[in-house]
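Student:
Residue numbers (the numbering used here): 48 to 275.
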């Protein structure tokens, strides 16, 4: 009887260990995805700090992967492509807003013939200025590493110099807003916190709240996409 019982215990323990390992791998995958999202946000945000720009990211990747290595070049390329995509998106939005304003204003004034060559010159000049905005910011000298530097104030003062980059900087340097459910806000019983949630450190609570906000902010309504 004992000889039969022992193999059953071993099989049960193996199944339990496999189940535990599966959930452990799933938890590690979620943690890695969360760290990847946080890293991309942090890497994009630090670029808009005039004291560091891309130099800090290149130094950090060089320390992690070795400067000039394949992994180093790959990670730098990912950050550069992400920054370029954000820049192109902001430029496109700025052009659409400008076209909307020009069309609405032209509807209220008489039609005036303008030479096509001059229109082409203005369009090419605007394109050259917008393309050089990102390059000029990255190639300019970094600001002194002063801990008292007001980043939002710096971008406000330098917005005429880097107009497109200033718009993107406001997106990354502003404090993300969070929300709570209406049931918790107007509940007469108050918020119920168990021992686990009450024992979390403030840093972990902030990370969980911000992570949930980022994930919810990236949600796309499939019904609206289908209708569009």
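Yeah, the Cβ is synthetic: ideal placement off N, Cα and C, and Gly gets one too. All values derive from a computational prediction rather than experimental measurement.
Using three-state DSSP, classify residue 188 as helix, strand or coil.
Tutor: For the purposes of this step, residue 188 is identified with residue 141 of the chain shown, where counting begins at 1. Coil, per DSSP.
Student: Could you check what DSSP says for residue 113 in three-state terms: helix, strand or coil?
Tutor: Indexing the chain shown from 1 puts residue 113 at position 66. In the structure shown, residue 113 sits in coil (DSSP, three-state: anything other than H, G, I, E or B).
Student: Whether or not the stretch 99-115 and the stretch 64-71 are in contact is what I'm after, with contact meaning three or more pairs of Cβ atoms, one per stretch, closer than 8 Å; do they touch?
Tutor: Contact fails: fewer than three Cβ-Cβ distances are below 8 Å.
Student: Judging by CA-CA distance, which residue of 92, 97 and 126 is the nearest neighbour of residue 108?
Tutor: Along the chain shown, read from residue 1 onward, the residue named residue 108 stands at position 61. It is 126.
Student: Take residue 138 as the anchor and find which of 182, 212, 112 and 202 has the nearest alpha-carbon.
Tutor: Stepping through the chain shown from its first residue, residue 138 is reached at position 91. Closest by alpha carbon: 212.
Student: Does the distance from the C-beta atom of residue 199 to that of residue 218 stay below 9 Å?
Tutor: Locating residue 199 in the chain shown gives position 152, counting from the first residue. Locating residue 218 in the chain shown gives position 171, counting from the first residue. No, the pair does not count as a contact, with Cβ atoms beyond the cut-off.
Student: Where does residue 248 sit, in a helix, a strand or coil, going by DSSP?
Tutor: Walking along the chain shown from the start, residue 248 turns up at place 201. Three-state DSSP puts residue 248 in coil, outside helix and strand.
Student: To the nearest angstrom, report how far apart residue 117 and residue 63 are at their CA atoms.
Tutor: Position 70 of the chain shown, counted from the first residue, corresponds to residue 117. Position 16 of the chain shown, counted from the first residue, corresponds to residue 63. Roughly 40 Å separates the two Cα atoms.
Student: What is the rounded straight-line gap between the Cα of residue 184 and the Cα of residue 196?
Tutor: As a position in the chain shown, residue 184 is number 137, starting the count at 1. As a position in the chain shown, residue 196 is number 149, starting the count at 1. If I take the Cα positions, the gap works out to 17 Å.
Student: Would you kindly report the start and end of the unbroken alpha helix (DSSP H) that includes residue 219?
Tutor: Taking the first residue of the chain shown as 1, we reach residue 219 at position 172. Element bounds for residue 219: 210-220.
Student: Just reading off the alpha helix (DSSP H) that residue 197 is part of, what are its end residues?
Tutor: As a working mapping, residue 197 is identified with position 150 in the chain shown. Looking at the DSSP string, residue 197 is not in any alpha helix (DSSP H), and its letter there is neither H nor E.
Student: Can the beta-carbon of residue 181 be found closer than 9 Å to that of residue 112?
Tutor: Here the question's residue 181 lines up with position 134 in the chain shown. Here the question's residue 112 lines up with position 65 in the chain shown. Cβ atoms of residue 181 and residue 112: not closer than 9 Å.
Student: Contact defined as beta carbons within less than 8 Å: I believe residue 98 pairs with residue 190. What is the distance between those atoms, to the nearest angstrom?
Tutor: As a working mapping, residue 98 is identified with position 51 in the chain shown. As a working mapping, residue 190 is identified with position 143 in the chain shown. With 8 Å as the limit, residue 98 and residue 190 qualify as a contact, their Cβ atoms being about 5 Å apart.
Student: Can you give the beta carbon distance from residue 220 to residue 92, rounded, assuming they're within the 8 Å contact cut?
Tutor: Within the chain shown, residue 220 is the residue found at index 173, counting from 1. Within the chain shown, residue 92 is the residue found at index 45, counting from 1. Indeed they touch by this definition, with Cβ atoms about 7 Å apart.
Student: Looking at residue 74: is its Cβ nearer than 9 Å to the Cβ of residue 215?
Tutor: Within the chain shown, the letter at position 27 stands for residue 74. Within the chain shown, the letter at position 168 stands for residue 215. No, they are not a contact pair.
Student: To the nearest angstrom, report how far apart residue 209 and residue 202 are at their CA atoms.
Tutor: Sequence index remark: in the chain shown, residue 209 carries index 162 (1-based). Sequence index remark: in the chain shown, residue 202 carries index 155 (1-based). Looking at the two C-alpha atoms, the distance is approximately 8 Å.
Student: Consult DSSP for residue 207 and reduce its assignment to one of helix, strand or coil.
Tutor: In the chain shown, counting from the first residue as 1, residue 207 sits at position 160. Coil, per DSSP.
Student: Quick check on DSSP: helix, strand or coil for residue 141?
Tutor: Counting from one through the chain shown, the residue named residue 141 turns up at place 94. In this structure, residue 141 counts as helix in the three-state DSSP scheme.
Student: When you compare only the Cα positions, how much space is there between residue 258 and residue 130?
Tutor: As a position in the chain shown, residue 258 is number 211, starting the count at 1. As a position in the chain shown, residue 130 is number 83, starting the count at 1. When rounded, the distance between both Cα atoms is 21 Å.
Student: Per DSSP, what kind of secondary structure is residue 95 in: helix, strand or coil?
Tutor: In the chain shown, residue 95 corresponds to position 48, counting from 1. Of the three classes helix, strand and coil, the one that applies to residue 95 here is coil, per DSSP.
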